[in-house]
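Structure record follows, encoded as structure tokens.
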Amino acid sequence: MAIEVEVREMTDSRIRILVKGVNHIFMNMLRRVIMADVPKMAIHNVDFHHGPLGSSMEGDEEVEYESTSPIFDEMIAHRLAMIPIPTDLEIFLPRSECTCEGEGCPSCTIMYAINKRGPCTVYSGDLEPVNNEAYRIKDDLIPITKLGKGQALLAYATAELGAGRQHAKWQAAQAVGFQYYPKITIKKKGSENYEDCVRACPRGVLEWDNKKRAIKVVDLEACNLCKACMETCDKGVIEIGYDETSFLFSFETDSSYTPQAVIKAAIEILSKRFNSFIKAVGNLS
Ligand SMILES: [Zn+2]
């Protein structure tokens, strides 16, 4: 059976698609690979400068700066790690598999510098990519820390590839989920309590047509199979079922990737895995 895909919603960071001709095992495999295995860049090392940073004139006053902030360096490092770093899988390799043998080079790491003096708020957009402007952080208003008068933050941060199974900072997509495609059958027409079953639906799937004295389905794909309508109505008026081979699948990215790139990367991982399995089976004597 051929697999068909219809796009229901697609933005730079969100996707909702209808997938036909698969089963729940296939959908779950795709979901888990997207969450745990699709690699992404994230900051993994931060070098903080410690000590005095000289002085400068602020109006008539000379202010001495010191590398210090109201929160611990460990917390700043953790916050930096969670910032979405633009990722291009055509360019980057895992550091351990790179020709530089883990030393760090433009094929496996992105280096950022951060140099701010208080009083101010340090944001994700203050991370300056060293050497390549293409890796500037898209989501530039994530607050990292505040700095008071005389406080400063000077640090170098290195991003590298990792996967969601190692740490959440490397997770390429969030809220990855799917549900069976709903099938709603309205079996009987007209009775006094049918307006109640329309109201019982928390997602506005049904409407009461007063002229025809009947329930009609106005937003089938909003149905999450909760069966609240079935339980409120007289028995046998509405039947909620589902198609075992069609699924509504959705997830969000943190802007490191487009949703299409995540699906493509997940399928490539699965394809590699199955190919190595075929090879392994072929090698059995
Ligand atoms: Zn390298």
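For what it's worth, our numbering labels the leading residue of the sequence shown as 6, then goes sequentially.
Beta carbons are placed, not taken as given, at the ideal position from N, Cα and C, and that holds for glycine.
Can you name the start and end residues of the alpha helix (DSSP H) that residue i belongs to?
i    : result
M87  : Per DSSP, M87 belongs to no alpha helix (DSSP H) and is neither H nor E.
T237 : 233–237
Can you tell me which of the options puts its alpha carbon nearest to the alpha carbon of residue i?
i    : options                : result
F97  : L85, C110, P89, I88    : C110
A270 : D17, K45, S251         : K45
L146 : L35, D131, T114        : D131
E257 : G241, I283, G182       : G182
V24  : V12, M34, S18          : V12
V43  : A168, F31, A118        : A168
I220 : A227, K232, D201, R208 : D201
Y161 : I22, E226, M116, E244  : M116
P187 : E165, C231, Q156, N215 : C231
R122 : V222, C206, V68, E236  : V68
A82  : H49, A118, I272        : H49
T293 : A227, V203, Q265, N229 : Only positions 6 to 290 of the chain appear in the structure, and residue 293 is not among them; the question remains open.
A177 : L289, Y262, F279, I88  : Y262
F53  : I189, K216, A118       : A118
For the beta strand (DSSP E) containing residue i, name the first residue and the last one.
i    : result
V38  : Counting along the chain, V38 falls outside any beta strand (DSSP E), though it belongs to the alpha helix (DSSP H) covering 29–41.
A266 : Not the beta strand (DSSP E): A266 falls in the alpha helix (DSSP H), residues 264–287.
E200 : Not the beta strand (DSSP E): E200 falls in the alpha helix (DSSP H), residues 199–205.
Look up residue i in the DSSP assignment and give the residues it is bridged to.
i    : result
D248 : Y186
A221 : Reading the sequence as shown, one finds Lys at residue 221 and not Ala. Per DSSP, E212.
A164 : I48, I115
T73  : A157
V24  : V10, F252
S61  : V68
>> Which residues end up in the neighbourhood of ligand 1 when you take C-beta atoms closer than 7 Å to any of its heavy atoms?
In response: Residues whose Cβ lies closer than 7 Å to any heavy atom of ligand 1, listed in chain order: L98, R100, C103, T104, C105, E108, G109, C110, S112, C113, T114.
>> Threshold first: 4 residues or longer. Then list the alpha helix (DSSP H) segments lying entirely within the segment 96–162, N to C.
In response: none
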